[in-house]
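Colleague: Below are the C-alpha cells for one structure; questions will follow.
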Amino acid sequence: MIHLTSQNLSTKDIIQTVFSPLIGATCSPQAEEMCQKNNLTFAEMLQPFCRLTTDASFRDSSGTSVSLKGIRLNVCDVAWRPPQTVLARKMLNDAVTNVQCDKTRAISVDEATTFDIPFSEPWYEQWRETFLTVQFPADHEFTRHFLSCLIVLSSSDPNPLDSANQLTRKVQMMQNVTPPKLPKWFTQDPLNCYIMLHDGCSGDITKAQQAFESLKMTYGENKCFLLQINSLQGTPGECPDPWLRYLKRHARADPNVTENDSSSTPKSPQDSGVSMTMQMSTLETPPSGILIGEVVHHPLSPLQEHAGDISAMSTSTESLTSQPINPNVWAGEEHVDVPHGMCLAASDMENLRHLIQDYTLRALIPYIEKLVYALNESITTKKGVSRSLLTATKRWFVTNKPGTGNATQNAVVYTNESTELQTRKIGDLYFMFGHYGSAFQAYHQAKRDFNADSAWQYYAGALEMAALAAFMQGVASRKTYDYMEEAIVTYLNICKLPQFATRATILSVECLKVGRLYGEAAKQLIRMTTEDHIQYTIGRQAISLKKPEEASVPLSHLLRPSSLQSSVQQAVFLREYIQTHRALQASQENGNLLSISLPRIVQDRTRLLVTSQPPVTIPNMLPATNLTINTRLEHEAVWVKLEEMAAQMASKKPIMIFKPTRSLFTHETDNTTHPLAIHGEPIEISVTFENTIKIPIVFSDIHLLWRFKRSDTGEEMSNGHLFRGLIDGEADRTGMEGVISANVISTVNINEHEYKTILFKVTPKVTGMLHVTGIIGQLSAVTDPTCLWGKMDFERIPIRAKDPPVGDKAPEFDKRLDIQVLDPAPALCVSFGEMPQEVLAGEIIPVTVQMTNCGATALTDIYMSVEAPRWFLVSPERAELPLSVLRNYRDLSNENLSRDREARKQHVFRVYGIADDGKPLQPSETKAATFWIQIPHRKGSANCNVTYGRERQLGVDMSIKNLNQVHHPVMTEVYLHDLHLYSPENRLNAKKIVWAESPGQRSLVHENGGLKSTELVSFRCSLDAHKAAVATNQTPERFIEVQLSKVTLKATKAEEVKRLPSVQKVGSFLMKEETKYIKVMGSSGTSEEFNQIVANADRHMTLGVTWSAQISDNGANRRTAAGQHFVQLRHLYESNIAKRTLLDADFRIVDAVDEGNAEKTN
C-alpha cells in the first residue's frame, strides 16, 4: 500500500515511497486472530514502523558500499489485488468528493460578483494516493513485483513447523504458477522469511522459544524472527492511534462474497484487455432519458482511445457488490472508525520497529546483494550472445523514435532471462534501495536496447525511471526532463496506456515544481485532463454569470474531433451548445448569425466544376461525357496536350505561352488563378461535411453564402442579409436570384464521425466576380428538434510557394472559390450514334456525330483532337498525304517542315468551319458528320511466306482462319472480298491464285459461303514486277492509285462493305497504316527521329484484306460487320531474296469481348 497523504512529504520522499520495495505477507489463522485483537491485520500493524530509523548499507556489484537512508518497506498482504474497474472508479470519485477544505478565501470576478474558493485542494493528494494504489502491476517494470514474502505463524499453533510448511507451499504455488497470475514476483526464487508471533499476555514464552529454535534450524537463523505483541495488561486506555492515517475509507462489498483464490485472480489490464478509465463526478444533472453515471471523466483520470463506454461506471449497489473485496486488503468505514492497537504496549511497538530493522539488515539486504551480483554476472555473460552482429549494428546505427514513420507499437516479447529485462531489473533494484547513480546507468542502457527493438512500452518505462533517477541523484537537467516528457507522450500516443502516462505526469509535475518549471507542469496536467472538464466547467460558470458569449467558446471546444467522451455525454454537450448559442444569437444586434462548430467543413475536399449546359437529349444518340465533379485527374496531362494541339491548330498565329483551360478545381490543382465561368452556365460546388462527435446530427435548410461584384456597375452585393431578418426576405431573395441562382439542400443526416458530401449548383446571371464565402443552415440533434441557425466559413487556404518568398511579397491564397464570370460564349454539345456492343478487331465502324451549339453566341470553327489517330478517320475529304508518303510524292528537302506542326496535323482535324457553308453554327443549331473508327488489331503472330521460285517469280502464301469457337455464344461467319497490295515495285497477279484443298476453301470458293467457326483457307498469289509511273503534277489520289493493285476474291453487295472508306483515297485507313506517327504524349520523340521520317525511305509493301462478317447472337440478333486488315512486309527487300522469310505481323480479326472468338489471317 502507498501512503502519501497527511505526511508533509518532500518530492524525493514521495518518489521513494511510490517505488519502495514491495514485501508480501501471509498469516496462519492463529496469527491472524492474534493481530485482530488490535483491529488490524499483520500488514496494517507494521505500517507505522516500515521506515528504517537508522542508516544501513549494501554492496553493489562492484563491491562498493552504498548508504541507505530513510528507506521504507511497502508491506502488504499477498492476497492484495488491485480493484476492478468499476470499484476503482468509485474509489477515485470518493477520494475527491469525501475530502473537502473548509478554509476559503474570496476572489472577485467583477464589481458585482465575488466567489469563495477553497484555500487548498486536499482532494488531489487523496486522489493521487488512491490512483497510485489501485494500479495493476505491469510486465515492463518490476517495482510493483514482490521481492520477498513474510510467512507469519503463531506460537500458539498446535504444530508451528507444520503450519510454516503449509504456508510455504501455498506461497511457492503463487510464485511458480503457470501461466503467471497475480501477485507478480520479482524473481522465481524470492526471499521467504518466517515470523513467529507470541502473545505477551496469554502465551508460554518457553514453548514459543522452543518452537522458534525448530523454525531456525529448518529455514535458517537469518530468515526467522520472533515477535512478541499484545503485552498490554488490563483494560486498554486512551492512546494515540498511529495506524489511522494508513487506513483508507473504501466501500465494502457484500460480506458474504469472499475473495477468490490465486488461480482465479484478475489479470492486469494488459492481460485481460480491461482499460482502467476513471472519472470524477457528474458535471450536471442529466435530463430524462440519460443514464446516471454518464459523466465527464475526472480531470486527471486516464483516458484510453478505445476505452469502454463510461456507462459501465455505475454507483449502484448491485455493481459494487459484484466486486469481491478481501477484508485483509481494503478496509471499510466500520474498520477505520474503531480504535487500533488496544493490546499493544510500548514495548510491543518497539518490537515491531526492531522487526523491520532486523529483517531488513539480516535478511533482505544480503538477499538483494546476492541478487544484484547474480543479475550483473548474467548480463556480463550474455552480453556477447544476445547482441548478435545484426542486433548490435541496428542498435548503433538505427535512430528510432516513437511516432516516426517506422515506429509502431509491436508485440516484442522478452524472456525473463533476456539481457534487456535483467538490465531493467538491476536498475529497479538500485532505484528501490537508493543507489540512483547506478540506477540511471542501467535505465539509460535499457532504454537504448528497447528503442532499438521498437519495444515502446519498455522504452517509455526506462525513460520514466531514468528521469526520476537523475532527479533523485540531484543531477536533473533539461535533458532528463525531456526524458520524462517523451515517456509520457510514448505511453499516451504510441502504447495507448493512459494509466502509466497519468502516473508519469503525477511524478513529473512534482519534479518540475522543484525546478520551478511551473508552466511546463501546468501543460502536462492540462494534457492529461483532455481539457473537457475544464472547458465544461468554464462554460457552465459563464452561463450562470449570464455571459453566453464567453460560454460559447469552451462549449464549442467540447465538440472537437479528439474528444473521447461517451455519446450520451456528447449529447449533453450538444444540447448545452445549441441552447447557449441560441441565447447568444438572440442577444446580438440585428440578429447577426454566429459561426457554428458542427458540422465541420472538410476544406481539402471542396471541389468546384465550371461546366456547360447538359447535352441535348436526342433519340438513338449517346451524349459525349465531360468532366464531372468527382473526376480524378490522373490523366490530365493527356487532355492538356490534346487541348494545346487543337488550340495551336485553330489559332491564326502561334501561341507562345499556352495556358490550358481548367474546369475542375480541387486541392490538388493549381489554384493560383480564378476559375472562369460563363454567364448563364452552371457552376457545381461539392462540399464535404464531417460530424466530429459520436451522436448523429441533422443539418437542414442549407444555403451557400456569397458575395458578388458586378462588372458593369461595380455594385457589390451579398445574400448574407437574407438570413439576418433585417428586411423582407422574400422580396430581396427575388432580387438576389436575378444575380445568382443556387439550389437549397433541404436536409442532411450525418451519423457519428461520418463524412457526407452535398452538391450545390450555382448559375450566375450577370458578369462580375463571385466569391463563395461559406455555408449557412440549421443544426440540431436527431433526438432533439431544437435548431440553431449558424454559418461555417470557407477558410482562406494559403498556397505553398515552390520557391522561398522574395522581399515582402504577400502570400497567395487558394482562389478556387473566387470565380470570375465572363460574357456569354458558345458551348458545344456532342452526341454520338449508337455503336455495337461487340466488335471484331479490324472492323471499321461509321459513327454519326451531331454537334449542337448549346451556348448563347455563334460557333465559327470546330476542331477535333485525337489521342490515337491511327484508328480514327475524320473528315477524309480534307485529308493530306502523310509525311512518310509525301516524301515519295515530292521533294521535301527545301520545305520548312516543323516537327510540332506535322504532329498536330496527325492528331487534330477540322470538323466544321464557317468556310464550309458560309455561316457559323448558331445557338441551338445542330450539324451532323460521320467519323470512321477502326477497331485496333489485337496483337498476335502470323506467317507470311514470300518465295522466289526457279522462274524468279515472287509469291505470297496466305492462311486465313476463323478462330471463332463452336461453343461461343456469339457466332461469326467471315467472307473475304478484296486483296490489296500497296507497293511501288510489285502488283498482285489475279490470274495466278492457287487454292489449297480444305473445308474452308470449299465453303468460300465453291459454296458461295464464308469461313465458319474454326475453318481455315490457304492460297498463294503470285506477284508481278511493276514500276509505278510517277507523273509531274500528279494528284495525291493518282499517286496512291498507281501503286495500288487489287484482286477480288468474292464480290459483294453488302452496304457495310460499300460504305468503307476507299483505300485509293488520301483519307483512308491504308494511309493511316502508312503514317509514321510523331510522339506527342509522355516522353516525346526526338528531332532526329522526325528527320529520319522525312529523309529516309522506308522500303516495304503493304498487304491489305477487305472482309465482312455475319455476327449472330444465338440466332436472335444478326448484324453485318465490315473491316480491313493491313500487314507491312519489309524483309522482302533483303539482298538474298531467294531465302524463305518468316514475317511477324498484327493481322487478325478478333471479337473485342472474347479473345477466343477471333479470325486470324496469315
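For the sequence shown, position 811 (counting from the first letter as 1) is numbered 811 according to UniProt numbering, and the numbering increases by one without interruption. Every residue gets a Cβ at the ideal spot worked out from N, C-alpha and C, and that includes glycine. No experiment lies behind these values; they were computed from the predicted model shown.
1. Buried or exposed for P654, please, with buried defined as at least 16 other CB atoms from any protein chain shown within 10 angstroms of its CB.
2. If we count the other Cβ atoms within 10 Å of its Cβ and call it buried at 16 or more, is F699 buried or exposed?
3. Under a three-way DSSP split, which group does N176 fall into?
4. Going by C-alpha distance, which of L545, E925 and L182 is nearest T852?
5. With a CB to CB cut of under 8 Å and the five nearest residues on each side skipped, what residues in its chain are close to Y414?
6. Is it buried or exposed, P339, if we count other Cβ atoms within 10 angstroms and call 16 or more buried?
7. So E752 and K694 are in contact, right, with Cβ under 8 Å, and what is the actual spacing, rounded?
8. Expressed to the nearest angstrom, what Euclidean distance is found between the alpha-carbon atoms of S10 and R516?
9. Who are the near neighbours of R424 in its chain, counting only those whose CB is closer than 6 Å to its CB and skipping five residues on each side?
10. Can you give me the Cβ contacts of I543 inside the same chain, cut-off strictly under 7 Å, excluding the 5 residues immediately before and after it?
11. Pair every Cβ in the segment 605-614 with every Cβ in the segment 563-581, then say whether three or more of these pairs are closer than 8 Å.
12. Nearest to L622 by alpha carbon, out of I195, F500, C829 and K641?
13. Please work out which residues of its chain come closer than 7 Å, Cβ to Cβ, to K546, disregarding the five sequence neighbours upstream and downstream, and give them in chain order.
14. Among the residues of its own chain, which have a CB less than 8 Å from the CB of M1101, if the five just before and after it don't count?
15. So, helix, strand or coil for Y414, using DSSP?
16. Would you call the segment 84-91 and the segment 53-60 touching, i.e. three or more CB-CB distances under 8 Å?
17. On the premise that K815 lies in contact with H907, defined as a C-beta separation below 8 Å, what is that separation, rounded to the nearest angstrom?
18. How about S998 and V1057: do their beta carbons lie closer than 8 Å?
19. Is P366 helix, strand or coil when you go by DSSP?
20. Span of the beta strand (DSSP E) holding S438?
21. Pop quiz: F131 and L68 are said to be a contact at Cβ under 8 Å. What is the actual Cβ separation, rounded to whole angstroms?
22. Which residue or residues does DSSP assign as beta-bridge partners of W456?
23. Put L371 into one of helix, strand or coil per three-state DSSP.
24. Going by DSSP, what residues sit across from F665 in a beta bridge?
25. What is the rounded straight-line gap between the Cα of K765 and the Cα of R910?
26. Per DSSP, which residues does C149 bridge with? Please list them.
27. Quick test of the definition: if touching needs 3 or more C-beta pairs under 8 Å, does the segment 469-478 touch the segment 96-115?
28. Can you look up F136 in the DSSP assignment and give me helix, strand or coil?
29. Quick check on the DSSP output: what are the complete beta strand (DSSP E) runs of length 3 or more inside the segment 211-235, in order along the chain?
30. Have a look at the DSSP bridge pairing and note the partners of G680.
31. Leaving out five residues on either side along the sequence, give the residues of the same chain with a beta carbon under 8 Å from the beta carbon of K641.
32. In chain order, what are the residue ranges of uninterrupted beta strand (DSSP E) at least 3 long that sit wholly in the segment 776-840?
33. Considering only DSSP beta bridges, list what K761 is partnered with.
34. Indicate the three-state DSSP secondary structure (helix, strand or coil) for Q569 in the structure shown.
35. Quick check: what's the CA-CA separation for E294 versus S556?
36. Is I678 near the ligand FMN - that is, is its Cβ less than 7 Å away from at least one heavy atom of it?
Modeller: The short version:
1. The residue is exposed, with fewer than 16 neighbouring Cβ atoms inside 10 Å.
2. Of the residues assessed, F699 falls on the buried side of the cut-off, its CB having 16 or more other CB atoms within 10 angstroms.
3. Note: N176 maps to coil in three-state DSSP.
4. With respect to the C-alpha of T852, the residue from L545, E925 and L182 having the closest C-alpha is E925.
5. The beta carbon of Y414 sits closer than 8 Å to those of E420, L421, A455 and Y458, all from its chain and outside the five residues before and after it, given in chain order.
6. Exposed, by the Cβ-count rule.
7. Indeed they touch by this definition, with Cβ atoms about 5 Å apart.
8. Cα to Cα, the separation comes out at about 15 Å.
9. For R424, the CB contacts under 6 Å within the same chain, skipping 5 residues up- and downstream, are A446 in chain order.
10. Hits under 7 Å: A551 and T580.
11. No: the two stretches stay apart, fewer than three of their Cβ pairs being nearer than 8 Å.
12. The shortest Cα separation from L622 among I195, F500, C829 and K641 belongs to C829.
13. None.
14. Cβ neighbours of M1101 within its own chain (closer than 8 Å, five residues either side excluded): L981, Y982, S983, E985, N986, Q1128, L1129 and L1132.
15. Looking at Y414 - three-state DSSP - the assignment turns out to be coil, as it is neither helix nor strand.
16. Using a Cβ-Cβ distance cut-off of 8 Å, the segment 84-91 and the segment 53-60 are not in contact, since fewer than three pairs of beta carbons, one from each stretch, lie closer than that value.
17. With a Cβ gap of about 32 Å, H907 and K815 do not count as contacting.
18. Using a Cβ distance threshold of 8 Å, S998 and V1057 do not count as a contacting pair.
19. Helix, per DSSP.
20. Counting along the chain, S438 sits inside no beta strand (DSSP E); it lies in the alpha helix (DSSP H) bounded by residues Y436 to A452.
21. Actually they are not in contact, since the Cβ atoms of F131 and L68 sit about 28 Å apart, beyond 8 Å.
22. Note: W456 sits in no beta bridge, so no partner.
23. Secondary structure at L371: helix, using DSSP grouped into helix, strand and coil.
24. Residue pairing of F665 in beta bridges, as defined by DSSP: L608.
25. Distance between the alpha carbons of K765 and R910 is about 33 Å.
26. DSSP output for C149 lists G24 and N192 as bridge partner(s).
27. The answer is no - the segment 96-115 does not touch the segment 469-478, with fewer than three Cβ pairs under 8 Å.
28. It is coil, neither helix nor strand.
29. Fully enclosed beta strand (DSSP E) runs of 3 or longer: 224-229.
30. For G680, which the question treats as bridged, DSSP gives no partner whatsoever.
31. Excluding sequence neighbours, K641 sits near V1080 and M1081.
32. For the segment 776-840, whole beta strand (DSSP E) runs of length 3 or above, ordered along the chain, are 784-793, 818-822 and 828-833.
33. Bridge partners of K761: E684.
34. Q569: helix per DSSP, three-state reduction.
35. Confidence is the limiting factor: at E294 the pLDDT is only 35, short of 50, which leaves the residue's position unreliable and the question unanswerable from this model.
36. The ligand FMN is not part of this structure, which contains no ligands at all.
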